[in-house]
Amino acid sequence: MSSDTGVLIVNLGTPDAPTPAAVRRFLAEFLWDRRVVDLPRIPWWILLNGLVLPFRPRRSARAYREIWTDAGSPLLTHTRAIIAALERKLHATLPSPPQVAMGMTYGNPSIASALEPLLAAGIRRLVVLPLYPQYSATTTAAAVDRVQAALAGRTNAPAIDVIEDYHAEPDHIAALALRIAARVVAHPADEHLLFSFHGIPRRNADAGDPYGTRCLATAALVAARLALPPSSWSVAFQSRVGGARWLEPYTEPRLRELVAAGVRGVSVVCPGFSVDCLETLEEIAIRDRAVFLGAGGLRFDYIPALNDDPAQVDCFARLIGERIAAGAAR
49 MSSDTGVLIV NLGTPDAPTP AAVRRFLAEF LWDRRVVDLP RIPWWILLNG
99 LVLPFRPRRS ARAYREIWTD AGSPLLTHTR AIIAALERKL HATLPSPPQV
149 AMGMTYGNPS IASALEPLLA AGIRRLVVLP LYPQYSATTT AAAVDRVQAA
199 LAGRTNAPAI DVIEDYHAEP DHIAALALRI AARVVAHPAD EHLLFSFHGI
249 PRRNADAGDP YGTRCLATAA LVAARLALPP SSWSVAFQSR VGGARWLEPY
299 TEPRLRELVA AGVRGVSVVC PGFSVDCLET LEEIAIRDRA VFLGAGGLRF
349 DYIPALNDDP AQVDCFARLI GERIAAGAAR
């Protein structure tokens, strides 16, 4: 039996290639979104086109080349792997499995293009799962904006059901704890587990964005499941851009502080990222590794994102299945 529900999995997006031109196209779309940069439009347009886009794409392209694979962008390939595994799981567990599509908030494949086959199939409901464990207006809401824009003006547009986040879902916490436990066998006094989350501007949090609070909740739940002593783990925020104050402490200075405090080995996990990408593979695993070791640390281990780990896929399948069942019961 065919389902009248479609599922859209959304991730942030990635350039089409690790080249300055492709990165410039991606950044122009990404940085013009008011959800990402909420500065007044005219001053920001001048700054974006006069200082950011002429120079940043070349630097960013070099960083992308460090992590690019023969299959392409890690973010894209890992997201595709999740889609394939999720489709298999839904077909195995649901009597009327939904059609699943993948869209990116920025870049390709766009959310609008991802929706086309779902709409052509005549879906009446759309379950949207943005791959952001912790809700933020800068990520989840931005994705929902694109979904709504793609459906605006359509006759018989499907009802939208958004899974806003899953930062405290028990099976998600269990999956993270299992991934960490597989890499961190013991916790001697000179070893430390650092939870590094992508940052957002402090003013966003002060205005009510719950992202920072949900990051802290995720880390605390994982640490409790692993029974970690309070002194053996901490939280920091990475990927700060510009001179404004962002969520603190910042990851790079925190790594230096740990060395100064006598920590010789650090394991870094990034539970704000559902899949490995530039911010984990280049920023953390390459640049921040160099920072820690250069400051005198002896051991640095980046713990990979869950990617298409069966435990993460099972969590997504359960969340989607629950939404489908709830919609059918209405």
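Letter 204 of the sequence shown, counting from 1, is numbered 252 in my numbering, and no numbers are missing.
We treat Cβ as the ideally placed atom computed from N, Cα and C, and that holds for glycine.
How about residue i and residue j: are their beta carbons less than 8 angstroms apart?
i    : j    : result
D64  : A190 : no
P400 : D362 : Outside the modelled stretch of the chain, which goes from 49 to 378, sits residue 400, for which no answer is possible.
I228 : L241 : yes
V195 : I211 : no
T266 : Q182 : yes
Y154 : F74  : yes
D238 : V311 : yes
M152 : S158 : yes
L354 : A272 : no
R250 : R293 : yes
D213 : R173 : no
T186 : N252 : yes
Expressed to the nearest angstrom, what Euclidean distance is found between the alpha-carbon atoms of residue i and residue j?
i    : j    : result
L99  : A160 : 30 angstroms
D357 : C318 : 15 angstroms
L329 : P88  : 33 angstroms
E331 : D118 : 20 angstroms
D219 : L95  : 44 angstroms
A205 : G54  : 12 angstroms
S322 : D86  : 25 angstroms
Check for me: the alpha helix (DSSP H) holding residue i runs from which residue to which?
i    : result
R262 : 259-273
E114 : 101-115
Is residue i buried or exposed, if buried means 16 or more other CB atoms sit within 10 Å of its CB?
i    : result
W93  : exposed
H139 : exposed
R347 : exposed
P299 : The identity of residue 299 in the sequence shown is Thr, whereas the question assumes Pro. T299 should be labelled buried.
P146 : buried
T141 : exposed
E379 : Outside the displayed span of the chain (49 to 378) sits residue 379, for which this structure offers no information.
Between which two residues does the beta strand (DSSP E) carrying residue i extend?
i    : result
N59  : 53-59
F78  : F78 -> not in any beta strand (DSSP E); alpha helix (DSSP H) instead, spanning 68-80.
Y350 : 347-351
A255 : Looking at the DSSP string, A255 is not in any beta strand (DSSP E), and its letter there is neither H nor E.
E296 : From DSSP, E296 is part of no beta strand (DSSP E); its letter is neither H nor E.
L87  : Premise fails: L87 is in no beta strand (DSSP E) and is neither H nor E.
A284 : 281-286
Is residue i a contact residue of the ligand PLP, with contact defined as CB to any heavy atom under 7 angstroms?
i    : result
E239 : You won't find the ligand PLP in this model; it holds no ligand whatsoever.
Output the residue ranges of the alpha helix (DSSP H) runs that lie fully inside the region 146-177 and measure 4 residues or longer, sorted by chain position. 159-168
Sequence ranges, beta strand (DSSP E) only - wholly within the region 183-237, length at least 3: Every beta strand (DSSP E) stretch that sits fully inside the region 183-237 and reaches 3 residues is listed by chain position as 207-210.
Which complete alpha helix (DSSP H) runs does the region 303-368 hold, if anything under 4 residues is left out? 337-342
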